[in-house]
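S.K.: Take this structure first; my questions come after.
2 protein chains.
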Amino acid sequence: MSEQIGTPVRDLQTPVLLIDLDVMEENLKKMASNFQNSLINLRPHSKTHKSPLIAKKQIEMGAIGICCQKVSEAEVMQEDGIENILLSSEIVSPAKIERVSFLSKNCDLMLVVDHIQGAELLSKIMEKNESDIGVLVDIDVGQGRCGVRTVDEAVSLAKKIDELPSINLRGFQAYNGKAQHIEGFNEREKKYRNSITMMEESVYEFKKNGLNFDVRTGGGTGTWNWDLDSEILNEVQAGSYLFMDSHYRSIGGRQEQFYEDFQASLFVLSTIISFPEDKKFIIDAGHKSLSSDSGFASCYDIEEATYISASDEHGIITVDSLGPMPKLGDSLLFQPSHCDTTINLFDYFYGIRGGMEKGFLEVILPISARGMVQ
Amino acid sequence: MSEQIGTPVRDLQTPVLLIDLDVMEENLKKMASNFQNSLINLRPHSKTHKSPLIAKKQIEMGAIGICCQKVSEAEVMQEDGIENILLSSEIVSPAKIERVSFLSKNCDLMLVVDHIQGAELLSKIMEKNESDIGVLVDIDVGQGRCGVRTVDEAVSLAKKIDELPSINLRGFQAYNGKAQHIEGFNEREKKYRNSITMMEESVYEFKKNGLNFDVRTGGGTGTWNWDLDSEILNEVQAGSYLFMDSHYRSIGGRQEQFYEDFQASLFVLSTIISFPEDKKFIIDAGHKSLSSDSGFASCYDIEEATYISASDEHGIITVDSLGPMPKLGDSLLFQPSHCDTTINLFDYFYGIRGGMEKGFLEVILPISARGMVQ
Chain Y
1 MSEQIGTPVR
11 DLQTPVLLID
21 LDVMEENLKK
31 MASNFQNSLI
41 NLRPHSKTHK
51 SPLIAKKQIE
61 MGAIGICCQK
71 VSEAEVMQED
81 GIENILLSSE
91 IVSPAKIERV
101 SFLSKNCDLM
111 LVVDHIQGAE
121 LLSKIMEKNE
131 SDIGVLVDID
141 VGQGRCGVRT
151 VDEAVSLAKK
161 IDELPSINLR
171 GFQAYNGKAQ
181 HIEGFNEREK
191 KYRNSITMME
201 ESVYEFKKNG
211 LNFDVRTGGG
221 TGTWNWDLDS
231 EILNEVQAGS
241 YLFMDSHYRS
251 IGGRQEQFYE
261 DFQASLFVLS
271 TIISFPEDKK
281 FIIDAGHKSL
291 SSDSGFASCY
301 DIEEATYISA
311 SDEHGIITVD
321 SLGPMPKLGD
331 SLLFQPSHCD
341 TTINLFDYFY
351 GIRGGMEKGF
361 LEVILPISAR
371 GMVQ
Chain L
375 MSEQIGTPVR
385 DLQTPVLLID
395 LDVMEENLKK
405 MASNFQNSLI
415 NLRPHSKTHK
425 SPLIAKKQIE
435 MGAIGICCQK
445 VSEAEVMQED
455 GIENILLSSE
465 IVSPAKIERV
475 SFLSKNCDLM
485 LVVDHIQGAE
495 LLSKIMEKNE
505 SDIGVLVDID
515 VGQGRCGVRT
525 VDEAVSLAKK
535 IDELPSINLR
545 GFQAYNGKAQ
555 HIEGFNEREK
565 KYRNSITMME
575 ESVYEFKKNG
585 LNFDVRTGGG
595 TGTWNWDLDS
605 EILNEVQAGS
615 YLFMDSHYRS
625 IGGRQEQFYE
635 DFQASLFVLS
645 TIISFPEDKK
655 FIIDAGHKSL
665 SSDSGFASCY
675 DIEEATYISA
685 SDEHGIITVD
695 SLGPMPKLGD
705 SLLFQPSHCD
715 TTINLFDYFY
725 GIRGGMEKGF
735 LEVILPISAR
745 GMVQ
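Here is the structure:
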């Protein structure tokens with residue numbers, strides 16, 4: 001945090017989390033324009049960036065509001081002025097529902113529910129506190145995580161919610177996180193068609209049963225084009241699109257080997273701190289600077305370099321090239337394999353203007369909701 | 375952070391990082407007593423706990439000082455009163471060496487070096503600033519990460535260091551991190567013998583060449599018994615022993631299937647937030663609460679439960695049992711697979727007295743050096 005604004009990017013101390021501001025702004029614009037002439041709203045997932053400043057930028061550019069995964073994330077966002085929040089994960093503990101109840105008095109808040117027990121507890125506490133909240137039935141459309149497993153169960157739960165005081169049925173969530181990451185455009189589309197079919201059935205059954213389905217939320221960076229085309233969901237929860245990561249890149253595009261609807265804007269700059277063998281060197285960015293839950297990071301400066309192994313604060317890199325080698329002390333840029341979990345390791349984004357080679361530090365953005373897991 | 379001291383452990387909001395204080399104190403005592411009547415010193419690695427309070431406790435109990443992996447970690451530790459620090463990873467950037475130089479004026483600081491370029495830069499900056507620092511030659515004894523690869527190279531580098539102003543050759547580091555984690559007691563011992571042989575050769579050659587080898591540092595939680603027995607190293611850098619994790623447990627003990635020299639004192643308490651299928655439920659602790667770089671966490675409450683998949687804030691658990699199932703909303707305790715990287719996700723330890731079932735919150739300890747990667 002001691003770095004001066006205006007420092008050349010390659011002079012920053014490492015490891016450091018960088019945003020290429022030009023590219024991020026392009027990504028934000030591109031996604032916003034996708035939704036501009038559509039009846040479908042963008043509701044970006046803020047678990048990716050954890051920054052109220054970026055959330056506000058997304059809303060200024062047309063987003064209807066944001067998603068948060070945790071109450072503490074939503075508290076950070078609300079305190080910083082975000083007024084429309086969907087809590088996209090189930091909350092079933094009394095102490096947390098008390099916090100949700102308080103939060104619901106200060107912003108437009110919705111919560112997903114997938115079990116009558118959760119709905120009843122929510123209703124009871126909201127009623128006691130004289131607050132009220134919008135509720136979405138969480139339907140599993142193929143992810144196999146939270147959510148009721150069938151449309152029948154969804155309808156049955158929705159009916160019960162409709163009868164409970166202080167909670168208002170607003171519609172449903174149908175998020176298939178697994179589909180976002182399927183490799184191959186056609187394969188991804190095929191698998192996602194099943195999810196879309198289940199969404200259609202849900203709309204049909206909710207309508208038939210006189211249940212509110214005003215809000216239909218789901219989708220993401222990997223499926224946004226089908227989410228828009230199918231016009232069943234009316235909110236898309238894309239998160240990663242503004243940064244991208246090497247895993248998303250690898251899932252492939254319509255015609256291309258790589259998914260390039262959005263460009264890489266998030267990087268970790270590291271330093272070569274040891275060069276003990278020919279074509280093998282050690283960088284100062286390990287598990288605590290580059291998450292590895294989606295594989296190792298990709299070297300952006302040297303195509304032939306491979307991140308082969310990590311420990312807490314070290315990465316081991318090999319280079320399969322006859323070309324010129326970097327030197328001890330050189331900086332080296334990596335694209336994270338998973339943007340969300342890498343961002344969650346840092347306290348600040350360093351925003352760079354003018355590119356990753358010759359650019360300068362323009363702004364330091366706090367990652368205010370980092371570590372907000374409760 | 376809103377929790378009251380005295381809250382029953384199972385009433386805490388989740389996910390939360392817990393220390394079983396009774397067990398941690400036992401582990402600290404046991405390791406300290408191992409070193410009590412020995413000429414070998416314990417120099418615990420603070421990258422594990424990142425807490426100056428715990429570091430001070432280790433020193434009170436006999437440790438000679440601590441290790442840090444990063445300058446920013448060392449800065450946090452020094453500011454909070456730690457006076458003897460080994461920076462156990464190479465530093466080769468001028469801006470960071472300036473910080474090392476400043477730090478060296480305020481505490482007894484040593485730094486490892488594995489290349490003449492690093493030694494020369496260090497010497498130049500220390501001389502300019504009229505400071506001085508102890509230097510250890512970093513020797514790779516089998517890990518394949520940083521460090522010179524042969525004893526000849528070590529001697530040659532040590533000689534050059536000896537000639538440079540403002541840096542004082544103090545000995546060598548010979549840390550084999552890989553050996554710490556080898557499964558099977560006998561297999562581990564066999565592999566580690568090679569490292570010990572290389573340490574012996576280093577001592578012999580340093581002595582023969584009139585080079586200072588007063589400090590010989592390395593070793594860890596997985597090899598402490600051989601580090602003590604062989605009496606070649608005189609500092610052991612154990613880090614994980616006070617907490618342990620499921621990965622360390624799995625490497626096996628002398629006679630036993632599990633490594634149980636030290637007991638599990640670190641846990642993450644989670645909540646079952648969705649129970650969508652028979653014998654399959656979802657907890658609120660995913661990649662952002664339980665690191666997965668060493669595999670998934672282990673369920674401590676239910677032996678037959680398996681953590682099969684994680685996303686950012688969710689864990690999917692299956693239970694292979696005919697016994698009674700937990701219920702929606704129940705709390706569930708997990709042992710992290712890797713203590714260091716899990717601790718680095720949280721801002722606070724919650725210290726529990728009286729056990730993980732019926733204990734109470736006694737103290738909240740800040741993880742002050744969390745995220746200190748520079």
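Protein chains in written order, with the working numbering: chain Y, 1 to 374; chain L, 375 to 748.
C-beta: ideal position from N, C-alpha, C; glycine also.
If you measure beta-carbon to beta-carbon, which residues of the segment 467 to 491 of chain L are closer than 7 Å to chain Y?
M.R.: Listed by position, the residues of the segment 467 to 491 of chain L near chain Y (Cβ gap below 7 Å) are 467, 469, 470, 488, 489 and 491.
S.K.: Within 8 Å of any Cβ in chain Y, is that where the Cβ of residue 734(L) sits?
M.R.: By one-based count along the second sequence, residue 734(L) stands at place 360. Answer no: the Cβ-Cβ gap between residue 734(L) and chain Y never drops below 8 Å.
S.K.: State yes or no: is the beta carbon of residue 354(Y) nearer than 8 Å to at least one beta carbon in chain L?
M.R.: Mapped onto the first sequence, residue 354(Y) falls at position 354. Output row for residue 354(Y): interface = no.
S.K.: Between residue 641(L) and residue 708(L), is the Cβ-Cβ spacing less than 8 Å?
M.R.: The sequence position of residue 641(L) within the second sequence is 267, counting from 1. The sequence position of residue 708(L) within the second sequence is 334, counting from 1. It is a contact, given that the beta carbons lie within the stated cut-off.
S.K.: Mind pulling the chain L residues with CB within less than 9 Å of residue 149(Y)?
M.R.: Taking the first sequence and counting its residues from 1, one reaches residue 149(Y) at position 149. Neighbours of residue 149(Y) on chain L, chain order: 650 and 651.
S.K.: Does any CB atom of chain Y fall closer than 8 Å to the CB of residue 747(L)?
M.R.: For the purposes of this step, residue 747(L) is taken as residue 373 along the second sequence, with counting starting at 1. Answer yes: the Cβ-Cβ gap between residue 747(L) and chain Y drops below 8 Å somewhere.
S.K.: Residue 245(Y) touches chain L at which residues, Cβ-Cβ below 8 Å?
M.R.: Here residue 245(Y) refers to the residue found at position 245 when the first sequence is read from its first residue. Per Cβ cutoff of 8 Å: no residues; residue 245(Y) is ~13 Å from chain L at best.
S.K.: From residue 375(L) to residue 94(Y), what does the alpha carbon distance come to, in whole angstroms?
M.R.: Taking the first residue of the second sequence as position 1, residue 375(L) is located at position 1. Taking the first residue of the first sequence as position 1, residue 94(Y) is located at position 94. Because the pLDDT at residue 375(L) is just 49, under 50, the model does not fix this residue reliably, and the value given afterwards should be weighed accordingly. When rounded, the distance between both Cα atoms is 17 Å.
S.K.: On the DSSP bridge list, what partners appear for residue 645(L)?
M.R.: Position 271 of the second sequence, counted from the first residue, corresponds to residue 645(L). For residue 645(L), which the question treats as bridged, DSSP gives the partners 705(L).
S.K.: Helix or strand or just coil, what does DSSP make of residue 378(L)?
M.R.: In the second sequence, the residue the question calls residue 378(L) occupies position 4. It is coil, neither helix nor strand.
S.K.: Which residues in chain Y have a C-beta closer than 8 Å to the C-beta of residue 690(L)? List them in chain order.
M.R.: As a working note, residue 690(L) is residue 316 in the second sequence. Residues of chain Y passing the Cβ test: 144 and 145.
S.K.: Would residue 361(Y) pass as a contact of residue 7(Y) if the rule is Cβ separation under 8 Å?
M.R.: As a working mapping, residue 361(Y) is identified with position 361 in the first sequence. As a working mapping, residue 7(Y) is identified with position 7 in the first sequence. Cβ distance < 8 Å, so residue 361(Y) and residue 7(Y) count as in contact.
S.K.: Check this for me: beta carbons of residue 589(L) and residue 609(L), under 8 Å apart or not?
M.R.: Here residue 589(L) refers to the residue found at position 215 when the second sequence is read from its first residue. Here residue 609(L) refers to the residue found at position 235 when the second sequence is read from its first residue. Going by C-beta atoms, residue 589(L) is nearer than 8 Å to residue 609(L).
S.K.: So with CB distances below 7 Å, who are the chain L contacts of residue 6(Y)?
M.R.: Numbered from its first residue, the first sequence carries residue 6(Y) at position 6. Going along chain L, no residue has its Cβ under 7 Å from residue 6(Y), so there is no contact; the nearest lies around 15 Å.
S.K.: Could you name each continuous beta strand (DSSP E) segment of 3 residues or more that falls completely within the segment 291 to 370 of chain Y, going from the start of the chain to the end?
M.R.: Within the segment 291 to 370 of chain Y, the complete beta strand (DSSP E) runs of at least 3 residues are 305 to 310, 315 to 319, 331 to 335, 348 to 353 and 360 to 366.
S.K.: Give the range of the beta strand (DSSP E) segment to which residue 285(Y) is assigned.
M.R.: Taking the first sequence and counting its residues from 1, one reaches residue 285(Y) at position 285. It is not in any beta strand (DSSP E) - residue 285(Y) carries neither H nor E in the DSSP assignment.
S.K.: Checking contacts by CB at 8 Å: is residue 366(Y) closer than that to chain L?
M.R.: As a working mapping, residue 366(Y) is identified with position 366 in the first sequence. Cβ-Cβ to chain L under 8 Å: no for residue 366(Y).
S.K.: Any C-beta of chain Y within less than 7 Å: which residues of the segment 707 to 720 of chain L qualify?
M.R.: Cβ contacts with chain Y come from 714, 715, 718, 719 and 720.
S.K.: First and last residue of the beta strand (DSSP E) that includes residue 480(L)?
M.R.: Taking the first residue of the second sequence as 1, we reach residue 480(L) at position 106. Taken as a continuous stretch (DSSP letters only), residue 480(L) belongs to no beta strand (DSSP E), as it is neither H nor E.
S.K.: Got a sec? Which residues, its chain only, sit under 8 Å from residue 738(L) by beta carbon, not counting five neighbours each side?
M.R.: The residue given as residue 738(L) occupies position 364 in the second sequence. Same-chain partners within the cutoff: 375, 377, 379, 722, 723, 724 and 725.
S.K.: Can you tell which of 565(L), 439(L), 465(L) and 424(L) has the C-alpha that lies nearest to the C-alpha of residue 447(L)?
M.R.: For the purposes of this step, residue 447(L) is taken as the residue at position 73 of the second sequence. Minimum Cα distance to residue 447(L) is reached at 424(L).
S.K.: Apart from the five residues on each side of it in sequence, which residues of its chain come closer than 6 Å, Cβ to Cβ, to residue 705(L)?
M.R.: Numbered from 1 along the second sequence, position 331 holds the residue referred to as residue 705(L). These residues qualify, in order along the chain: 384, 643 and 645.
S.K.: On the three-state DSSP scale, how would you describe residue 277(Y)?
M.R.: Here residue 277(Y) refers to the residue found at position 277 when the first sequence is read from its first residue. Looking at residue 277(Y) - three-state DSSP - the assignment turns out to be strand.
S.K.: Under 8 Å between the Cβ atoms of residue 607(L) and residue 414(L)?
M.R.: In the second sequence, the residue the question calls residue 607(L) occupies position 233. In the second sequence, the residue the question calls residue 414(L) occupies position 40. Yes. Within cutoff.
S.K.: Run the CB neighbour count on residue 696(L), radius 10 Å, all protein chains shown included, and call it buried at 16 or more, exposed below.
M.R.: Locating residue 696(L) in the second sequence gives position 322, counting from the first residue. With fewer than 16 Cβ atoms within 10 Å of its Cβ, residue 696(L) is classed as exposed.
S.K.: If you draw a straight line from the alpha carbon of residue 336(Y) to that of residue 450(L), how long is it in whole angstroms?
M.R.: Working through the first sequence from its first residue, we reach residue 336(Y) at position 336. Working through the second sequence from its first residue, we reach residue 450(L) at position 76. Roughly 27 Å separates the two Cα atoms.
S.K.: Between residue 461(L) and residue 486(L), how many whole angstroms is the CB-CB distance? I'm expecting something under 8 Å.
M.R.: For the purposes of this step, residue 461(L) is taken as residue 87 along the second sequence, with counting starting at 1. For the purposes of this step, residue 486(L) is taken as residue 112 along the second sequence, with counting starting at 1. At roughly 7 Å, the Cβ-Cβ gap stays under 8 Å, so residue 461(L) and residue 486(L) are in contact.
S.K.: Should residue 464(L) go down as buried or exposed, given a rule of 16 or more other Cβ atoms within 10 Å for buried?
M.R.: Translated into positions along the second sequence, residue 464(L) becomes position 90. So residue 464(L) counts as buried.
S.K.: For residue 75(Y), would you say it is in contact with chain L, using Cβ-to-Cβ distances shorter than 8 Å as the test?
M.R.: One-based indexing of the first sequence puts residue 75(Y) at position 75. For residue 75(Y), the answer is no, since every Cβ of chain L falls outside 8 Å of its Cβ.
S.K.: Is there at least one Cβ from chain Y nearer than 8 Å to residue 647(L)'s Cβ?
M.R.: Counted from its first residue, the second sequence places residue 647(L) at position 273. Output row for residue 647(L): interface = yes.
S.K.: Check the Cβ of residue 554(L) against every Cβ in chain Y and list those closer than 7 Å, keeping chain order.
M.R.: Counting from 1 along the second sequence, the entry for residue 554(L) is found at position 180. Near residue 554(L) there are no residues of chain Y at all, since even the closest Cβ is about 10 Å away, more than 7 Å.
S.K.: What residues from the segment 659 to 693 of chain L come within 8 Å of chain Y, judged by C-beta to C-beta, listed N to C?
M.R.: Those would be 659, 661, 662, 663, 665, 666, 667, 684, 685, 686, 687, 688 and 690, in chain order.
S.K.: List in chain order: all unbroken beta strand (DSSP E) runs of 3+ residues lying wholly within the segment 470 to 546 of chain L.
M.R.: Complete beta strand (DSSP E) runs here, min 3: 482 to 487 and 507 to 512.
S.K.: Please classify residue 13(Y): does DSSP put it in a helix, a strand, or coil?
M.R.: Taking the first residue of the first sequence as position 1, residue 13(Y) is located at position 13. Reduced to three states, the DSSP call for residue 13(Y) is coil.
S.K.: Under three-state DSSP, which class holds residue 437(L)?
M.R.: The residue labelled residue 437(L) in the question sits at position 63 within the second sequence. Here residue 437(L) sits in coil by DSSP.
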